[in-house]
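Novice:
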Amino acid sequence: MMEMQRKPLFNPNGDIEVEKRRMVGGNTTNLNDFNNMKYSWVSEWYRQAMNNFWVPEEINLSQDLKDYHHLLPSERKAYDKILSFLVFLDSLQTANLPNVADYITANEVCLCLHIQTFQECLHSQAYSYMLDTICSPDERNSILFQWRDDEHLLKRNTFIGDCYNDFVEHRDLEHLMKVLVANYILEGIYFYSGFMFFYNLSRNGKMPGSAQEIRYINRDENTHLWLFRNIIQEMKREEPELFSPELVAEYREMMREGVRQEAEWGEYVIGDDIPGLNRKMVSDYIHYLGNLRWKSLGFEELYPGFSEEPEDMAWVSQYSNANMVKTDFFEARSTAYAKSTALVDDL
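Numbering (our numbering), first residue to last: 280 to 626.
1. Could you pull the start and end residues of the alpha helix (DSSP H) that P377 belongs to?
2. Among P589, K574, L576 and R508, which residue has its Cα nearest to the Cα of S562?
3. Using a threshold of 8 Å, state whether the C-beta atoms of Y495 and W333 are closer than that.
4. Within the continuous alpha helix (DSSP H) that includes E541, where are the two ends?
5. Kindly indicate which three-state DSSP category I439 falls into: helix, strand or coil?
6. Leaving out five residues on either side along the sequence, give the residues of the same chain with a beta carbon under 7 Å from the beta carbon of G537.
7. Going by other Cβ atoms of all chains shown within 10 Å of its Cβ, with 16 needed for buried, is W594 buried or exposed?
8. Buried or exposed: M603, going by 16 or more other Cβ atoms within 10 Å of its Cβ?
9. Between F364 and R435, how many whole angstroms is the CB-CB distance? I'm expecting something under 8 Å.
10. Measuring CA to CA, which of Q491, P291, W573 and N309 is closest to A461?
11. What did DSSP end up calling D552 once you bin it into helix, strand or coil?
12. Using DSSP with H/G/I as helix, E/B as strand and the rest coil, what is F609?
13. Could you pull the DSSP bridge partners for E282 from this structure?
14. What is the DSSP secondary structure of I630, counted as helix, strand or coil?
15. What is the residue span of the alpha helix (DSSP H) that I511 lies within?
16. Rounded to the nearest angstrom, what separates Y406 and S370 at their Cα positions?
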């Protein structure tokens, strides 16, 4: 495919008619107009994301400082490695989202991407706060860079990282589409073994502050998942050539690889050594999520037999709600970050 041209920053000859706006390849003025949006779902998404504002340092980690040094060796190993993985993912997202926004010509969608970029920075801040609270500086630095020495971590980071690097080298529609799918996999699959581990610690009476940090991060990630799902759906309508049977097969294999890696990661870092979790529980849940994510894009079930949430993992969705209260995404309203509602993870 031909290389895309980065949208100009200043474009006085851009189209001002809403009906001419496109996700990519449009002639944008870059004017942020909140009153005229082509993609109506952006308005609710934007307000929900803004209502999700929170401050990592306002969550009390004093109990975590005590608990961390009394975790089982298997729990402490998993805590360290999962945190190293999550720090890397959000750092990579922060660096790459502006690359995507350079080619999105729907100004209202770019606003969403910029909010997401800010939230990814906030997540990195939260992880640093967690580490600064419970670890010495040497321990903190060791955890931060475990992904460089642990072959399992490096393999996981390489899958998404290479996809992002490919887009930097090949700025065409096909590579952009693969980056969108990779983002969707990262937000909808890659985080979940880690999140469930922290929730499991909390339900066992350990590291409650860490679990609360993760709840707020999880709530943000759900909005990011919605964002990329909607962008991909719009691309299906506007750029149908990117959804030929051959290309869909490539996206499908990307999703399968994401599920495969997340299940293998859960087996490696959690296995059968963490009280309250085992490798089968993690694998079943990840395959269920794979079905949920792929079907939400309008495609077929990937994994027969995993269409329903596993009963022994129902507690995950309760913990992932920042306030332990179910709400519907498009009905959610909040008055302050401490009371902000959480998304139902039904993608």
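The beta carbon of each residue, even a glycine, is placed where N, CA and C say it ideally should be.
Specialist: Considering the structure as presented:
1. Its alpha helix (DSSP H) spans residues P352 to A380.
2. Cα-wise, what sits closest to S562 is P589.
3. Yes, the pair counts as a contact, with Cβ atoms nearer than the cut-off.
4. P524 to V548
5. Helix.
6. I464, I468 and Y469
7. Label assigned to W594: exposed.
8. Because the pLDDT of M603 is 48, which lies under 50, any placement of that residue in the model is unreliable, and the number read from its coordinates should be weighed accordingly. Result: exposed.
9. The beta-carbon separation of F364 and R435, rounded to 7 Å, stays under the 8 Å limit for a contact.
10. W573
11. D552 falls in the coil class under three-state DSSP.
12. Low confidence applies here, because F609 scores a pLDDT of 33, under 50, leaving its location unreliable; read the following figure in that light. F609 carries a helical assignment under DSSP once its states are collapsed to helix, strand and coil.
13. DSSP output for E282 lists D451 as bridge partner(s).
14. In the structure as shown, the chain starts at 280 and stops at 626, and residue 630 therefore has no counterpart that could be examined.
15. For I511, the enclosing alpha helix (DSSP H) has its first and last residue at P487 to E517.
16. 11 Å
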